[in-house]
Every structure is written in structure tokens, then in C-alpha cells.
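Each remark here refers to the structure printed beneath this line.
Laid out in C-alpha cells, this is it:
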């Protein structure tokens with residue numbers, strides 16, 4: 091049973107890492123889109139999100155913290171709904187992706203924890219494929235029927251190959267490499283999480299996302 095103090099501490103951790111994720115989602119995404127050559131943003135942003143979900147999980151020892159962290163990052167992204175200059179699809183699309191990324195990671199980790207397994211490349215690949223399948227279901231069930239997206243934009247064979255195979259493979263390799271070495275090189279710090287720090291990070295994330 092988690093005590094009240096532990097719940098507050100876990101919430102503080104989740105908000106902190108979700109806020110950091112939100113900040114980097116906005117800034118790194120902007121940099122990638124600004125490069126003179128094309129870089130598939132999803133191949134970089136999903137492993138980055140996985141890192142922050144892992145930080146929440148390792149600090150709370152609660153699988154649910156990973157998904158809650160993705161919810162915080164999604165909520166930060168939705169601040170752009172109030173911008174008159176940003177098309178709705180450019181807000182809902184990445185926000186939906188973040189939620190689906192969290193879901194894909196949690197589903198695989200439930201299996202890993204239950205069977206006391208360590209993550210391998212196949213598990214990393216499953217995370218990537220799971221959220222990508224969910225993305226296509228979301229697009230075909232919501233975005234396309236509402237006229238927010240053309241079905242041809244996601245069903246074009248070159249797009250399918252790049253999204254599932256090229257980007258998915260890059261995601262899986264980066265996540266697997268991180269998972270393989272995280273306990274050796276990414277030692278969990280004795281960082282003190284404080285509600286004031288998390289609140290400040292959240293406010294900063296909202297400002298950065300709005301400005302960027």
C-alpha cells in the first residue's frame with residue numbers, strides 16, 4: 091500500500107520528468123524541423139520520451155508512473171490548442187503520439203515485470219511497433235474521418251515503410267542500447283524531488299511550449 095506521502099512524492103517525480111520531456115519535445119522538435127536536411131523526428135523523440143519514462147519508473151518503482159509521465163507531457167503539448175496560429179492537427183497529432191508511446195512502453199513493461207525479464211531488442215521493437223500501430227488506428231478512426239488528414243498521406247507505401255521499418259528500427263536500436271547500458275552508466279542519482287521544483291519545471295515547460 092502506497093502511503094499519502096509516497097503518493098505526493100511519486101506525483102512530484104512524474105510531474106518533474108513529464109515537464110522536462112515537454113520542454114525537450116518542444117525545443118528538440120523545433121531544432122530537428124529547422125535542420126537543412128530531413129531528420130525523422132519520431133526516430134529521436136520516442137527514445138527521448140522513453141528515457142524520461144524510465145527515470146520516472148526507476149524513481150517511483152511503479153510501472154504506472156511511465157504512463158502518467160506521458161500524460162503530463164501530452165498535457166503540456168495541448169497548451170498549443172489555445173494558439174490561433176497553429177493548426178489543430180499539429181497539436182493533436184504529436185499529443186496523440188506521446189500518449190501512444192507511453193501506452194506501448196507500459197504494455198511491454200507489464201509483461202517484462204510479470205515474467206521478471208530484462209529488456210532485449212525484440213521488446214524494444216515491440217514498444218515501437220505497438221505505438222505506431224496505435225497511431226495508424228488513431229489516424230484512420232479519428233483524423234481522416236474528421237478531414238484533418240488525408241488517408242493518402244499515411245497509406246502511401248514509402249510513408250509506411252519509413253514510419254514502421256526505418257524509424258521503428260532506429261527507435262528500437264536506440265532504446266535497446268540505452269537499456270543495455272543504463273544500469274552501468276546511467277546510475278540513478280540521489281536527486282531530491284521537491285514539489286516546488288516540479289511546479290517550476292511544469293510552468294517553464296508550458297511557457298516554452300507556448301513560445302516555441
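Numbering (this note's numbering), first residue to last: 91 to 302. Glycine is no exception: its CB is placed at the ideal position from the N, C-alpha and C atoms. Given the structure is predicted, the values throughout are model-derived calculations rather than measurements.
To the nearest whole angstrom, what separates the beta carbons of residue i and residue j, a pair I think is in contact under 8 Å?
i           : j           : result
residue 265 : residue 137 : 5 Å
residue 231 : residue 269 : Actually they are not in contact, since the Cβ atoms of residue 231 and residue 269 sit about 31 Å apart, beyond 8 Å.
residue 168 : residue 302 : With a Cβ gap of about 14 Å, residue 168 and residue 302 do not count as contacting.
residue 225 : residue 187 : 6 Å
Please say whether residue j and residue i have beta carbons closer to each other than 7 Å?
i           : j           : result
residue 109 : residue 299 : no
residue 157 : residue 196 : yes
residue 164 : residue 189 : yes
residue 172 : residue 288 : no
residue 155 : residue 104 : yes
residue 234 : residue 241 : yes
Can you give me the C-alpha to C-alpha distance between residue i and residue j, rounded to a whole angstrom?
i           : j           : result
residue 253 : residue 259 : 9 Å
residue 209 : residue 174 : 43 Å
residue 170 : residue 181 : 6 Å
residue 176 : residue 244 : 21 Å
residue 249 : residue 291 : 36 Å
residue 257 : residue 126 : 19 Å
residue 293 : residue 272 : 29 Å
residue 246 : residue 191 : 23 Å
residue 145 : residue 124 : 28 Å
residue 267 : residue 297 : 33 Å
What residues in its chain sit with their C-beta under 6 Å from that of residue i, if we drop five residues either side in the sequence?
i           : result
residue 295 : 109, 112, 113, 166
residue 194 : 217, 220, 221
residue 198 : 213, 216, 217
residue 285 : 102
residue 141 : none
If we count the other Cβ atoms within 10 Å of its Cβ and call it buried at 16 or more, is residue i buried or exposed?
i           : result
residue 135 : buried
residue 201 : exposed
residue 143 : buried
residue 262 : buried
residue 160 : buried
residue 95  : exposed
residue 203 : exposed
Tell me which same chain residues have a C-beta within less than 7 Å of the C-beta of residue i, skipping the five on either side of it?
i           : result
residue 122 : 129, 131, 134
residue 229 : 239, 244
residue 147 : 153, 155, 156
Residues in its own chain within less than 8 Å of residue i by CB, not counting five upstream and five downstream?
i           : result
residue 178 : 171, 238
residue 283 : 99, 102, 103, 106, 149
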